[in-house]
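Here the structure is laid out as structure tokens; the discussion comes afterwards.
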Ligand SMILES: [Zn+2]
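In our numbering, the protein residues as written are 5 to 279.
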């Protein structure tokens, strides 16, 4: 089973996780920029983080045969802190880097006016840089948040937008929108492999991305593999598993995952974004 985890925060994970992920079949990941738990107080804090997603983390992943790509953005939560907003001026030069395959994660946390502003500004950046967008949906008031999110992204081509953290309540409206549907599989909350298989049976395997969204909270970087196994056990073919766990993320991110292994070049120059 070859797996591409399209949303995982390896910054918060151990090197043992990389080893276990490789053993489970994970060969590529996208790490979106997010809230680190400890609030940032200045722009430099973002820039060091972005540099780590472009240099250190791909290097660490490559030691375990995993290709590391990233999405960069000001996350929804910190869009509410004026000390963080100047990072929006720095983002455009980072979006030119070859291993940056998307803008993200953007979207809503508490649906404030400040979040609106940062969301819109970063959607415009995505259009300008011809990058897809990874959109986080809020965990509270998810249905209203997802509906409002779909309104905001309406101006973009739907095939360039991934609406993430969906569940049974929100999948239908995103399926109708033409956007990509993302599902985060957690050990004990939100989606689990069984519920994911039921959604795949109802909605099919097109435009669906399955991720572990593993981070500093209770989460499991091997949940993607668990979904693949649950799909096989319930009668999906291995080609369908490959479509969901590999082909779909490659297609959404236009990711070049076939190139030479990374890792010797710390500056990240060997990492390519495909067309
Ligand atoms: Zn995330």
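Beta carbons: idealized from backbone N, C-alpha and C, even for Gly.
DSSP state of residue i mapped onto helix, strand, coil
i, result
"residue 26", "helix"
"residue 154", "helix"
"residue 109", "strand"
"residue 159", "helix"
"residue 132", "helix"
"residue 248", "helix"
"residue 54", "helix"
"residue 12", "coil"
"residue 95", "helix"
"residue 127", "helix"
"residue 200", "helix"
"residue 235", "helix"
"residue 5", "coil"
"residue 165", "strand"
"residue 182", "coil"
"residue 20", "helix"
"residue 48", "helix"
"residue 176", "helix"
"residue 267", "Here the model assigns residue 267 a pLDDT of 43, short of 50, so the residue's position is not dependable, and the following value carries that caveat. Of the three classes helix, strand and coil, the one that applies to residue 267 here is coil, per DSSP."
"residue 80", "coil"
"residue 116", "coil"
Close beta carbons around residue i, own chain, < 7 Å, minus the five adjacent residues each side
i, result
"residue 149", "112, 115, 141 and 142"
"residue 201", "234, 235 and 238"
"residue 147", "173 and 174"
"residue 195", "171, 187, 188 and 189"
"residue 41", "220"
"residue 223", "190, 191, 216 and 217"
Close beta carbons around residue i, own chain, < 8 Å, minus the five adjacent residues each side
i, result
"residue 133", "96, 99, 100 and 107"
"residue 279", "Low confidence applies here, because residue 279 scores a pLDDT of 40, under 50, leaving its location unreliable; read the following figure in that light. Closer than 8 Å at the Cβ level, and outside the excluded window around residue 279, lie 258."
CA nearest to the CA of residue i, picked from the options
i, options, result
"residue 190", "39, 214, 206 and 204", "214"
"residue 66", "219, 87 and 21", "21"
"residue 35", "71, 23, 44 and 179", "71"
"residue 60", "242, 31, 19 and 80", "19"
"residue 241", "209, 224 and 9", "209"
"residue 27", "153, 255, 245 and 225", "225"
"residue 130", "147, 252 and 162", "162"
"residue 183", "160, 192 and 10", "160"
"residue 216", "23, 33 and 6", "33"
"residue 207", "178, 124 and 228", "178"
"residue 29", "68, 39, 55 and 45", "68"
"residue 144", "250, 171 and 56", "171"
"residue 94", "257, 77 and 105", "77"
"residue 204", "223, 227 and 231", "231"
"residue 125", "80, 229, 151 and 54", "80"
"residue 44", "197, 87, 157 and 192", "87"
"residue 25", "157, 82 and 6", "6"
"residue 110", "49, 39, 56 and 244", "39"
"residue 180", "211, 199 and 198", "211"
Cutoff 6 Å; reference residue i; Cβ partners in own chain excluding five residues on either side
i, result
"residue 47", "90 and 91"
"residue 169", "141 and 188"
"residue 164", "136"
"residue 253", "8, 10 and 213"
"residue 219", "13 and 16"
"residue 227", "189 and 216"
Residues sharing a beta bridge with residue i, DSSP
i, result
"residue 74", "35 and 104"
"residue 188", "215"
"residue 140", "111"
"residue 195", "189"
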